[in-house]
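Residue -4 is where the sequence shown starts when you use the working numbering, and the numbers rise one by one after that.
Each residue gets a CB set at the ideal place from its N, CA and C atoms; glycine is no exception.
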Amino acid sequence: MHKSHFDRRIFLKLGSSAAVASYMGSANGQPEAGPRSAGDSVPAASRAKTGRLVDFVNPMQGTDSTPLFSRGNTLPIVAMPFGMAHWTLQSSDRGGGWFFQPHDERIQGVRCTHQLSPWLSDYGYVTVLPFSGDASPAPSARASSYRAGEVEIAPHLLKLRFMRYRCMLELAPTEHGALMRFSFEGEAAPGVFIDLPGDDAEVKYDSASGVIQTFTRKNEGGVQAGFAAYYTFKPDTPIAGVDVKEMKDRRVAVVRFAPTNGRPVNLRVGTSFISADQALLNLRQEVGEKSFDAIRDEAAAVWEKALGRVKIQGGSDEQMRTFYSCLYRTQLFPRMWHETDASGKVVHRSPYNGNVEPGFLFADHGYWDDYHAWYPMMVLLYPEQLGKILQGWVNAFKEGGWFPQFPCPGYRGAMTGSLIDSVFGDAVAKGVTGFDVQAAYQGLKKHATQVGDPAKGYGRVGIEQYLKLGYTPCDLVGGGAAQTLDFAYGDFCIAQVARAAGMHDDAAMFEKRSHNWKNIFDPGTKFIRGKMADGSWLEPFEQHTWGGAYVEGGPWQYRFNVLHDPQGLMEAYGGKDAFVQCLEEMLTQAPVFHVGTYGAEIHEMSEMAAVDFGQYAHSNQPVHNVLYMFTAAGRRDRTQHWVHRVLNELYSPDNFAGDEDTGAMAAWYILSSLGLFALCPGKPDWTLGAPLFPSAEISFDGQRTIRIDAAAKAPGGFYSQVKLNGETQHGDSIPHAALLRNAHLEFSSI
């Protein structure tokens, strides 16, 4: 177990509930007692009394991260589910994506962020800080200390006191804005800084209406020319003056309020990617003249309904906090990019063509990260929301001509494969509706058969060689083995969409191509290996060396990454027994790694080495199917053993094992703790695992209910029997169709 290098003072400030204490290193791996974290604002007794699921959520989960070691690389986000506007804390302007760190002693403001990961830049953001008296608008100079232990932060609420300015800030979110309430103490003149990045940012103040309208063009890719993020601010308190400070790379509006006479200042905020008028309209539609308490309570009610889709019984307080903190994380991305215009129509500014277009659009998601668990989780728990998201991706294809490879917010090139194939393949296999299947198929077929421009964020890398050779050669394509595996699996998923679209000949063609993984399986070493254009293996081969033919991993991390053909992979290993032996070897050997072509230790290597799971690097997505390969090989007992170890040792209310990646890591926890997993998204079934909780109920607004019960078992015991609606199941999976009506799953030990 990794030992965090906190000093005692910092640990007392923001250090941790009991689960983080285990991360700090108890001898037996069991949590030690520790002080509550800042995000853990509701004690267990109070949670039990309120009965609200939202009170189990810790938005600080995963924030104690750096570029060198990730425990989530998350932000403490206050927002509506899938909301456009994410509100968080900014404690640093040092540059890069790590602008909040819980160990920083001062806060520079509350930031409306659109960042999906610190590895990709933020865009269209603004930072707001209430102040009093005289203060410099520069971020580091204006920063104020705060008592982290007094911070209240929940999905629907942020509340903290800026000690320097004797001001309490409260924030409640809407989908495209927020309502902030500032309560000043003392006699010093009150005001607010509105910090806009970019030397071309603009501020306009209409003294007659008291409205401040701003925009920033800050962006580092993924949009068309002319991109801007618009903000409208309307305080209830009269404005005494607005002064715009032009600073290097930013414009700061210094807003002074008239004397408040002890009354709070309400600052109403609307945002838009369409126009200043739309930002004002969003403010009026969502915030209007409502009180702060009304906005806060509305947001809490929306979150309570979203979290209440799954109700857990019998878990410990720590398990409940972990589960609902993870479920909150899964409801943040992808970010809605659409807005409602004055006529009531849903529209969006397209980052793919720059025009205002009709319909849904979403942004900021990594298919490479999220296809293993997040999209399948949405199929199971929130299919109605998933249909909208999928139509949003179809709209992206229609507007830009290609499916995005990594939408942030538009075309960006990142990672391997074209894993949006999996997203649609799983949806059609499990009967998700609400999107244009014909258009989806045309988009998927295009990047699987035509040359795009991967550097610009669309098309498969090395598609020419893949079509010619049946694999992507490592002397011509970086990460050739990883690309080949992703393409072969993607072809399997495209075949499912082709069949749903009535294109049966195409489906057969893609099915045949899905066996291309065999072209890079070496029967001598029994590893997936890099192959050269002339058909020879990439040499030298060393099983613990990262990079080269692999991406963010090495031979072990990609050894079992054939989701769609586990039976074929087992045959290649020499049978199920040999396959299981290799799986156990992966998990029980030393976490050895060599930096290979990376040339230095990257954080994924560090995170694998920090825990006792051998070469199973749960901190990154390429292995997220591996533990369920035991089930495919007839050893669900070993799936249960290892999955429960991961759930209990690598997750807590405060930390993840590595980058959380827009819901990917959290969704793995949600599905696995329910006892179900999609070993192969794109097939119409669920692989059986073992529930973590005695009981879970998934309810769909009174239409149907899925109940999952797990009988008590002895420590180390195995749930050897599974019943579905009273009938014993003899296979390793259950059909998704059985869950589309009232269903009861029972796990027990014989």
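**OP:** Could you tell me which residues DSSP pairs with A74 in its beta bridges?
**Re:** In the sequence shown, the residue the question calls residue 74 occupies position 79. Note: A74 sits in no beta bridge, so no partner.
Original post:
So who's on the other strand from E692, going by DSSP bridges?
Top reply: Translated into the one-based positions of the sequence shown, residue 692 becomes position 697. K306, R702.
Original post:
Which residues in the same chain have their Cβ closer than 7 Å to the Cβ of Y553, if we skip the five residues on either side of it in sequence?
Top reply: On the sequence shown, position 558 is the one that residue 553 refers to. Excluding positions up to five away in sequence, the list reads A476, A477, L480, I523, Y545, P617.
Subject >> Residue from S86, G172, W93, D117 with nearest C-alpha to I746 >> reply: With the chain covering -4 to 745 only, the question about residue 746 has no answer from this structure.
Original post:
Out of curiosity, what's the CA-to-CA distance linking D607 and H613?
Top reply: Position 612 of the sequence shown, counted from the start, is the residue given in the question as residue 607. Position 618 of the sequence shown, counted from the start, is the residue given in the question as residue 613. Rounded to whole angstroms, D607 to H613 spans 11 Å at the Cα level.
**OP:** Count the other CB atoms, across all protein chains shown, that sit within 10 Å of the CB of G10; report buried if there are 16 or more and exposed otherwise.
**Re:** Walking along the sequence shown from the start, residue 10 turns up at place 15. Low confidence applies here, because G10 scores a pLDDT of 32, under 50, leaving its location unreliable and the question unanswered by this model.
Original post:
Under the DSSP definition of a beta bridge, which residues are partnered with Y200?
Top reply: For this step, residue 200 is matched to residue 205 along the sequence shown. In DSSP, Y200 forms a bridge with I207.
Subject >> Selected residue, minimal CA-CA separation from Q635, among P710, T657, F392, T592 >> reply: Mapped onto the sequence shown, residue 635 falls at position 640. Per the Cα distances, P710.
**OP:** Could you check what DSSP says for T45 in three-state terms: helix, strand or coil?
**Re:** Here the question's residue 45 lines up with position 50 in the sequence shown. Here T45 sits in helix by DSSP.
Original post:
Of the choices R330, G57, W532, whose alpha-carbon is the least far from that of G653?
Top reply: Sequence index remark: in the sequence shown, residue 653 carries index 658 (1-based). Residue G57 is the option with its Cα nearest to G653.
**OP:** Quick one: measure Cβ to Cβ for V264 and A391, integer angstroms, because I've assumed they're closer than 8 Å.
**Re:** As a first step, residue 264 must be located in the sequence shown, where it is residue number 269. As a first step, residue 391 must be located in the sequence shown, where it is residue number 396. About 27 Å separates the two Cβ atoms, so there is no contact after all.
Original post:
Is the Cβ-Cβ distance between F482 and S417 less than 9 Å?
Top reply: Here residue 482 refers to the residue found at position 487 when the sequence shown is read from its first residue. Here residue 417 refers to the residue found at position 422 when the sequence shown is read from its first residue. For F482 and S417, no; Cβs fall outside 9 Å.
Original post:
Going along the chain, which unbroken runs of the alpha helix (DSSP H) with 4 or more residues stay wholly within the segment 488 to 576?
Top reply: 499 to 508, 561 to 568
Original post:
So what's S744 in DSSP terms, helix, strand or just coil?
Top reply: Your numbering for residue 744 matches position 749 in the sequence shown. Note: S744 maps to coil in three-state DSSP.
**OP:** State the beta-bridge partners of W82 as determined by DSSP.
**Re:** Translated into positions along the sequence shown, residue 82 becomes position 87. V73, C107.
**OP:** For the alpha helix (DSSP H) holding A435, just list the boundary residues, first then last.
**Re:** As a position in the sequence shown, residue 435 is number 440, starting the count at 1. Unbroken alpha helix (DSSP H) run through A435: 432 to 444.
**OP:** Could you say which of V105, A685, H559, R630 lies nearest to I678 if we only look at CA atoms?
**Re:** Counting from 1 along the sequence shown, the entry for residue 678 is found at position 683. Here the sequence assigns Lys to residue 678, which means Ile is not the residue at that position. If we check each option's Cα against that of K678, H559 comes out closest.
Original post:
Which residue from F688, Q724, G721 puts its Cα closest to that of K708?
Top reply: Counting from one through the sequence shown, the residue named residue 708 turns up at place 713. For the residues F688, Q724, G721, the minimum Cα distance to K708 belongs to F688.
Subject >> Residues near V239 in its chain [Cβ-Cβ closer than 8 Å; skip 5 each side] >> reply: To locate residue 239, count along the sequence shown from 1; it is residue 244. The answer, listed in chain order, is V198, R246, V247, A248, V249.
**OP:** Just the C-alpha distance for E170 and A149, rounded to the nearest angstrom, thanks.
**Re:** Numbered from 1 along the sequence shown, position 175 holds the residue referred to as residue 170. Numbered from 1 along the sequence shown, position 154 holds the residue referred to as residue 149. When rounded, the distance between both Cα atoms is 16 Å.
**OP:** May I ask you to report which of helix, strand or coil DSSP gives H360?
**Re:** The sequence position of residue 360 within the sequence shown is 365, counting from 1. Note: H360 maps to coil in three-state DSSP.
Original post:
Considering only the beta carbon of each residue, do F252 and Y226 sit closer than 9 Å?
Top reply: As a first step, residue 252 is located in the sequence shown; it is residue number 257 there, counting from the start. As a first step, residue 226 is located in the sequence shown; it is residue number 231 there, counting from the start. Not a contact, by the Cβ cut-off of 9 Å.
Original post:
Leaving out five residues before and five after T657 in sequence, what residues of the same chain have Cβ atoms less than 8 Å from its Cβ?
Top reply: In the sequence shown, the residue the question calls residue 657 occupies position 662. Same-chain partners within the cutoff: L111, S112, L327, F328, P329, D359, H360, G361, D364, D365, W369.
Original post:
Residues bridged to P353 by DSSP?
Top reply: Your numbering for residue 353 matches position 358 in the sequence shown. Its beta-bridge partners are V342.
Subject >> Close-in-space but distant-in-sequence residues of the same chain around A424 (CB under 7 Å, 5 per side omitted) >> reply: Residue mapping note: residue 424 aligns to position 429 of the sequence shown, counting from 1. Once the five neighbours on either side are set aside, the close Cβ partners of A424 are Q491, G677, K678, P679.
Subject >> Other residues of its chain near G34: CB distance less than 6 Å, five sequence neighbours each side excluded >> reply: Mapped onto the sequence shown, residue 34 falls at position 39. The predicted model places G34 with a pLDDT of 38, which falls under 50 and marks its position as unreliable, so this point remains unresolved.
**OP:** Label G726 either buried or exposed according to how many other C-beta atoms from any shown protein chain fall within 10 Å of its C-beta, with 16 as the threshold for buried.
**Re:** The residue given as residue 726 occupies position 731 in the sequence shown. G726 should be labelled exposed.
Subject >> Cross-strand partners of V123 (DSSP beta bridge) >> reply: Along the sequence shown, read from residue 1 onward, the residue named residue 123 stands at position 128. Bridge partners of V123: V105, I189.
Original post:
So, V432 versus A495, is the Cβ gap smaller than 9 Å?
Top reply: On the sequence shown, residue 432 is found 437 positions in, with the first residue counted as 1. On the sequence shown, residue 495 is found 500 positions in, with the first residue counted as 1. Cβ atoms of V432 and A495: closer than 9 Å.
**OP:** Within 10 angstroms of the Cβ of P550, are there 16 or more other Cβ atoms? Answer buried if so, exposed if not.
**Re:** Taking the sequence shown and counting its residues from 1, the one referred to as residue 550 is at position 555. So P550 counts as buried.
Original post:
Looking only at C-alpha atoms, which of V260, N277, R258 sits nearest to S267?
Top reply: By one-based count along the sequence shown, residue 267 stands at place 272. The residue with the shortest Cα to Cα distance from S267 is N277.
Original post:
Helix, strand or coil for I415 per DSSP?
Top reply: Taking the sequence shown and counting its residues from 1, the one referred to as residue 415 is at position 420. Residue state, collapsed to three classes: helix.
Original post:
First and last residue of the beta strand (DSSP E) that includes L683?
Top reply: Within the sequence shown, the letter at position 688 stands for residue 683. From DSSP, the beta strand (DSSP E) with L683 extends over 680 to 683.
Subject >> DSSP beta-bridge partners of S728 >> reply: Position 733 of the sequence shown, counting from 1, holds the residue named residue 728. Bridge partners of S728: T682.
**OP:** Put A28 into one of helix, strand or coil per three-state DSSP.
**Re:** Sequence index remark: in the sequence shown, residue 28 carries index 33 (1-based). Note on A28: pLDDT 31, under 50, position unreliable in the model; the coordinate value appears next. If DSSP states are grouped into helix, strand and coil, A28 belongs with coil.
Original post:
Between which two residues does the beta strand (DSSP E) harbouring S178 extend?
Top reply: In the sequence shown, counting from the first residue as 1, residue 178 sits at position 183. 172 to 179 is the extent of the beta strand (DSSP E) around S178.
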